[in-house]
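**Student:** Residue numbers for the sequence shown follow the UniProt record's numbering, so the first one is 1 and each next one is one higher. Even glycine gets a Cβ: it sits at the ideal position worked out from N, Cα and C. One structure, pasted below without further comment.
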Amino acid sequence: MEKTLVLIKPDAMKAHHIGDIFKIYEEKGLEVLAVKMLQMDEKLASQHYVEHIGRPYYDDLVGFMTSGPIIAMVLAGEDAIANVRKINGKTNPADADEGTIRKLYASSGSRNAVHASDSPESAAREISLYFSATEIFD
Ligand code: CDP
Ligand code: MG
């Protein structure tokens with residue numbers, strides 16, 4: 001069973017899609033191993049989005065991600081990393097397939113409802129930013 005880190009971003013939190021998003025992951029067979037509600041600060045945002053530092057959209061991204069509470073979760077399943085990114089859909093909802101979370105709930109390519117890890121290395125790194133070993137029920 002592979003693990004991945006998912007965030008419900010501030011736009012989806014404000015739009016009351018917490019339940020809808022959990023329902024989609026659970027219906028697709030993913031196991032929820034850990035959950036936490038928190039507000040990112042600039043330091044955590046810079047750790048989470050380290051590879052985006054210096055990009056033209058970085059300051060806007062940090063402003064958005066620190067603008068309100070988020071939910072962090074660890075999901076597990078077969079090929080969970082690729083599978084969850086498929087369930088989330090392409091970064092820009094205009095390009096995302098029908099039925100994906102971003103197609104359903106994202107309002108733009110920057111305010112796009114969810115985050116998911118993109119490789120085993122990022123999953124391990126990102127999970128450890130939000131959860132200690134005793135907070136993960138695997
Ligand atoms: O989230 P994902 O892995 O699909 O996309 P990314 O290319 O790794 O970018 C990370 C996040 O930065 C996106 O989900 C957007 O929230 C934001 N972003 C943005 O605001 N404008 C861009 N041109 C690219 C990314
Ligand atoms: Mg990414």
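1. Mind checking T134: buried by the 16 CB within 10 Å criterion, or exposed?
2. Given 8 Å as the limit, is there contact between the segment 39-48 and the segment 87-105, that is, 3 or more CB pairs closer than that?
3. So is G89 buried or exposed if we call it buried at 16+ other beta carbons inside 10 Å?
4. Would the beta-carbon of M73 fall within 8 Å of that of V35?
5. Can we say the segment 83-99 touches the segment 63-73, given the rule of at least three CB pairs closer than 8 Å?
6. Out of G99, G54, Q47 and T66, which one is the CA nearest neighbour of K9?
**Tutor:** Concretely, from the data shown:
1. Looking at its Cβ environment, which holds fewer than 16 other Cβ atoms inside 10 Å, T134 is exposed.
2. Because the criterion of three Cβ pairs below 8 Å is not met, the segment 39-48 and the segment 87-105 do not touch.
3. buried
4. yes
5. no
6. T66
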